[in-house]
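Using this note's numbering, the letters of the first sequence correspond one by one to residues 40 to 251.
For glycine and all other residues, C-beta sits at the position ideal for the given N, C-alpha and C.
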Amino acid sequence: MPDRFLRRRTAEVAKTLLGCVWCYQDHRGATNEPDRWVGGLIVETEAYLPADDLASHSARGPTRSNRSMFAAAGTLYVYPIHAKHCANIVTEPAGLGAAVLVRGLQPVWGIERMRRRRGQAELRKLTRGPGMICQAMALDRRHDGSDIKQSPRWRLARGVDADDFRVIATRRIGIGAEKDADRLLRFFIDGNRFVSGKAGDHSRRPTEQLDG
DNA sequence: CACGCGATTGCCT
DNA sequence: GGCAATCGCGTGC
Numbered sequence: 040m041p042d043r044f045l046r047r048r049t050a051e052v053a054k055t056l057l058g059c060v061w062c063y064q065d066h067r068g069a070t071n072e073p074d075r076w077v078g079g080l081i082v083e084t085e086a087y088l089p090a091d092d093l094a095s096h097s098a099r100g101p102t103r104s105n106r107s108m109f110a111a112a113g114t115l116y117v118y119p120i121h122a123k124h125c126a127n128i129v130t131e132p133a134g135l136g137a138a139v140l141v142r143g144l145q146p147v148w149g150i151e152r153m154r155r156r157r158g159q160a161e162l163r164k165l166t167r168g169p170g171m172i173c174q175a176m177a178l179d180r181r182h183d184g185s186d187i188k189q190s191p192r193w194r195l196a197r198g199v200d201a202d203d204f205r206v207i208a209t210r211r212i213g214i215g216a217e218k219d220a221d222r223l224l225r226f227f228i229d230g231n232r233f234v235s236g237k238a239g240d241h242s243r244r245p246t247e248q249l250d251g
């Protein structure tokens with residue numbers, strides 16, 4: 040994925056990240072495991088904008104914990120919440136404080152490792168939500184600040200063609216009324232089983248999963 | 001240094 | 001659909 044893809048406006052990046060391949064080569068898997076990658080297809084995202092976005096962690100400027108949000112596009116911003124973690128990909132020119140939260144992933148690689156880490160066999164319960172994704176991919180604060188464009192252990196690439204699915208935009212999840220809650224900055228693939236939230240939210244029509 | 005809360009999840013009714 | 005668990009971080013005393 041070219042640098043300029045992530046340097047664009049965050050809402051546009053969040054939308055066009057849908058259907059893309061996102062995976063990580065973790066070296067903590069068993070040695071005899073042929074497939075050392077974990078990851079899959081991005082099916083749900085949220086945009087956190089550089090300015091005038093009260094919901095964004097960057098809204099009140101850089102601090103020790105959110106500083107990677109102000110780094111170059113392609114940097115990972117991983118933060119802890121409710122004893123779990125959420126992973127973001129930084130967007131826009133460096134210094135602005137914008138990122139895309141990855142909320143839903145269709146598992147493709149390292150599924151057995153994801154099952155072990157999640158303590159859960161059911162495919163649908165592996166990466167349906169930002170906290171689950173980090174647990175399944177074993178992402179935590181140690182990954183905060185790493186640059187996925189620079190590291191050979193990360194891959195972000197074109198996956199499913201955008202013509203093959205419909206994108207729905209909604210309000211972001213878990214944002215209080217006083218914090219720009221009404222803006223349509225959550226994007227997901229219509230009907231995909233790995234979109235988080237309550238049923239009916241992600242299932243406007245009962246479509247099949249992505250191919251390829 | 002104490003306290004309160006959150007871009008969540010999972011269990012319960 | 002409601003609510004408790006859980007813990008790192010920001011805020012304020």
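- Assignment of beta-bridge partners to R99 by DSSP yields no partner.
- In this structure, the beta-carbon distance from G198 to G58 falls below 7 Å.
- Looking at the DSSP output, L115 sits in a beta bridge with I128.
- Counting the other Cβ atoms within 10 Å of the Cβ of G170 gives 16 or more, which makes it buried.
- Between the stretch 154-171 and the stretch 119-127, the count of C-beta pairs closer than 8 Å reaches three or more; the two stretches touch.
- Between the stretch 132-139 and the stretch 185-193 there are fewer than three C-beta pairs closer than 8 Å, too few to call the two in contact.
- Under the 8 Å Cβ criterion, the stretch 104-121 does not count as touching the stretch 156-166, having fewer than three qualifying pairs.
- In this structure, the beta-carbon distance from I214 to F227 does not fall below 7 Å.
- Looking at the DSSP output, I81 shares a beta bridge with L144.
- DSSP places L223 outside both helix and strand once states are collapsed to three, so it counts as coil.
- Nearest to T102 by C-alpha distance, out of Q174, L80, G134, S235, is G134.
- Excluding the 5 residues flanking it on each side, S104 has same chain C-beta neighbours closer than 7 Å at Y118, in chain order.
- Sixteen is the threshold: since fewer than 16 other Cβ atoms of the shown chains lie within 10 Å of the Cβ of L223, the residue is exposed.
- The stretch 152-219 is shown to contain whole alpha helix (DSSP H) runs of 4 or more residues at 169-176, in chain order.
- In terms of CA proximity to H121, D179 leads the group D179, P41, D202.
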